[in-house]
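Right, one structure below, let's go through it.
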Amino acid sequence: MTHTITWYGHATFGIEIGEYHLLIDPWFTGNPVTPITADEINPTHILVTHGHGDHIEDAAPIAQRAGAQVISNVEICRWLHGQGVETVHGLNHGGAYTFDFGRAKYTIAHHSSGLPDGSYGGQPGGFILYLPGDTIYIAGDTALFMDMQLYGDEDIDLAILPIGDNYTMGPGDAFKALGFLRPRAVIPCHYNTFPRVSVDVNTWENRIRAQTMVEPIIMKPGDAVTRGA
Ligand code: NI
Ligand code: MN
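The structure is reproduced here in structure tokens:
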């Protein structure tokens, strides 16, 4: 079964796979580059990498309206449950679970995770999604770290990496991450949302094409790609 990945700008992605519609790090209301509003999306599952507003702002209202299950770390799940989200599933680092849409593992990230109201948001993370014909590593907000080599052992088809610098890896470290992760393709995110994360993505793309076997997939907010077997 194939699936379609849509980038909504910054770190917000949708993945439609059969009857399931995953929404990653929902940020629409304050997102200056997203082409849609939070009302226009009806996910079955919402995956949240960490507690920062640019990843969680719209999670509770969308989950409540759509009846979506939220998957995140245990502290964020507890906080969202307190915000009125009915169905949550907490994971912690290194833990995977087989959900109805497929298997997901919560990975480590080097970042922070405070929630918008100052609550403790646990430790930040990312996800590996084991979809048919497409193992996807969503790094979340993170610095470069050596243990990405371990995720590279999982036969990653697609890496979704932040490249915007300042808050996360910049283009140079994200390039180095490709050597650790050894993915077949990469989609950059968390850049060109606002001036502080400005990146010349074409230079980055050209460097990958010239020096690696990885296929860079450069999207514009609203763009979609279909993948999988
Ligand atoms: Ni963050
Ligand atoms: Mn962020």
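Our numbering numbers the first residue of the sequence shown as 81 and each following residue consecutively. Backbone N, C-alpha and C fix where the C-beta goes; we use that ideal spot for every residue, glycine too.
- When beta bridges are read from the DSSP output, Ser152 appears opposite Gly170.
- For Val305, the enclosing beta strand (DSSP E) has its first and last residue at 304-307.
- The DSSP-derived three-state label of Arg287 is helix.
- Taking Thr86 as the centre and dropping the five residues before and after it, the same chain places the C-beta of Gly94, Ala304 closer than 6 Å to its C-beta, in chain order.
- Each of Ala91, His132, Asp134, His135, Asp221, Tyr247, Thr248, His270 has a C-beta closer than 7 Å to some heavy atom of the ligand MN; these make up the full list, in chain order.
- With fewer than 16 other Cβ atoms from the protein chains shown falling within 10 Å of its own Cβ, Tyr177 counts as exposed.
- By the criterion of at least three beta-carbon pairs nearer than 8 Å, the stretch 229-237 is not in contact with the stretch 116-133.
- Here Arg158 has Val168, Gly170 as same chain residues with Cβ atoms under 8 Å from its own Cβ, once five neighbours each way along the sequence are excluded.
- In this structure the stretch 137-149 does not touch the stretch 201-211; the number of beta carbon pairs closer than 8 Å is below three.
- If you draw a straight line from the Cα of Ala139 to the Cα of Asn272, it is about 22 Å long.
- If you ignore the 5 residues before and after Gly98, its C-beta comes within less than 7 Å of the C-beta of Met81, all in its own chain and listed in chain order.
- With respect to the 9 Å criterion, Gly308 and Ile116 are not classified as neighbours on the basis of their beta carbons.
- Counting along the chain, no beta strand (DSSP E) covers Gly133; the unbroken alpha helix (DSSP H) around it starts and ends at 133-136.
- Shown here, Val294 sits in coil according to DSSP, grouped into three states, outside any helix or strand.
- Here Trp159 carries a helix assignment [DSSP, helix/strand/coil].
- The Cβ-Cβ distance between Pro242 and Thr222 falls below 9 Å.
- Per DSSP, Pro106 is not a residue of any alpha helix (DSSP H), being assigned neither H nor E.
- Per DSSP, Lys185 is one residue of the beta strand (DSSP E) stretching across 182-188.
- Apart from the 5 residues on each side of it in sequence, Lys185 sits with its Cβ closer than 6 Å to the Cβ of Ala176, Ile208 in its chain, given in chain order.
- Arg262 has its alpha-carbon roughly 13 Å from the corresponding atom of Gln291.
- When DSSP states are grouped into helix, strand and coil, Asp253 belongs to the helix group.
- Taken from the Cβ of Pro204, at least one heavy atom of the ligand NI lies inside 8 Å.
- Judged by the Cβ position, Ser192 qualifies as a neighbour of the ligand NI at the 8 Å threshold, a heavy atom of the ligand being closer than this.
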